[in-house]
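Here is the structure we will look at.
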Ligand code: CA
């Protein structure tokens, strides 16, 4: 189990590192928000301890950006301020829990164990709706037991829709996720790729109900 610590207080980092290693976690460290984000995107951690006040990029931003990239690694926010807004903010941007500094190591371990236990039972690597399954570890999508080859763009689009199934996702969010925030559509790219995706996951399974629906004036929704 690998844990990433994103924290700029070296003294605290050393204490955490030593304690976590003693509990047999492997530990990686980033001392600012940018480095932390970079590491969290590139590696597969079991959990992230994320400080809020960080150089270069604060913890809220790091957390929000990770979730926007569909990185669902559990996050415990570390806050020195301990005010209510921090807590609300942290959970708003997609953190799983928070700890107010100074905290005891036993408290920290208990939270880590609770989150990892929760994760194990809900399996964040598997997303499912009706007979459609996405296995994020294998990077594989199947419907009615049949594996569906998707292009990277189609996979990304489906990933956002599936992570938020039942919710109308606006066009910009889909574009941001599949192409990046600077992308400007010139040839109706989103509709084109959604059409490909529909062909593969809906039209090809005429015995199953269609899952991708257009929400006029907004974007698309994945639902039964
Ligand atoms: Ca700090």
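In our numbering, the protein residues as written are 209 to 432. Note that CB positions come from ideal geometry on N, CA and C, so glycine has one too.
Residue 317 sits in a helix when the DSSP states are folded into three classes. Around the CB of residue 351, 16 or more other CB atoms lie within 10 Å, so the residue is classed as buried. Comparing alpha carbon positions, the residue from 259, 242, 337, 316 closest to residue 374 is 337. Just so you know, the alpha carbons of residue 385 and residue 365 end up roughly 7 Å apart. Close to ligand 1, as judged by a C-beta nearer than 6 Å to any of its heavy atoms, are the residues 216, 217, 259, 261, 262, in chain order. It is roughly 12 Å from the alpha-carbon of residue 341 to the alpha-carbon of residue 363. Looking at the backbone, the Cα of residue 369 and that of residue 307 are separated by about 31 Å. Apart from the 5 residues on each side of it in sequence, residue 283 sits with its Cβ closer than 6 Å to the Cβ of 256, 258, 271, 303, 304 in its chain, given in chain order. Rounded to the nearest whole angstrom, the CA to CA distance from residue 235 to residue 226 is 9 Å. When the beta-carbon positions are compared, residue 210 and residue 254 come within less than 7 Å of each other. A distance below 8 Å between beta-carbons, with the five flanking residues on each side excluded, links residue 404 to the following residues of its chain, in chain order: 359, 362. In the structure shown, the three-state DSSP call for residue 421 is strand. As a beta-bridge residue in DSSP terms, residue 342 pairs with 335, 349. Annotation: the continuous beta strand (DSSP E) that includes residue 428 extends over 427–430. About 7 Å separates the Cβ atoms of residue 269 and residue 241, confirming a contact at the 8 Å cut-off. By a beta-carbon distance limit of 8 Å, residue 325 does not contact residue 333. Their separation comes to about 16 Å. When the alpha-carbon of residue 314 is set against those of 231, 275, 285, 215, the nearest one is in 231.
The beta strand (DSSP E) runs lying completely inside the region 223–252 and spanning 3 residues or more are 234–238, given in chain order. Residue pairing by DSSP places residue 404 opposite no residue, since no beta bridge is assigned to it. Residue 269 sits in a helix when the DSSP states are folded into three classes.
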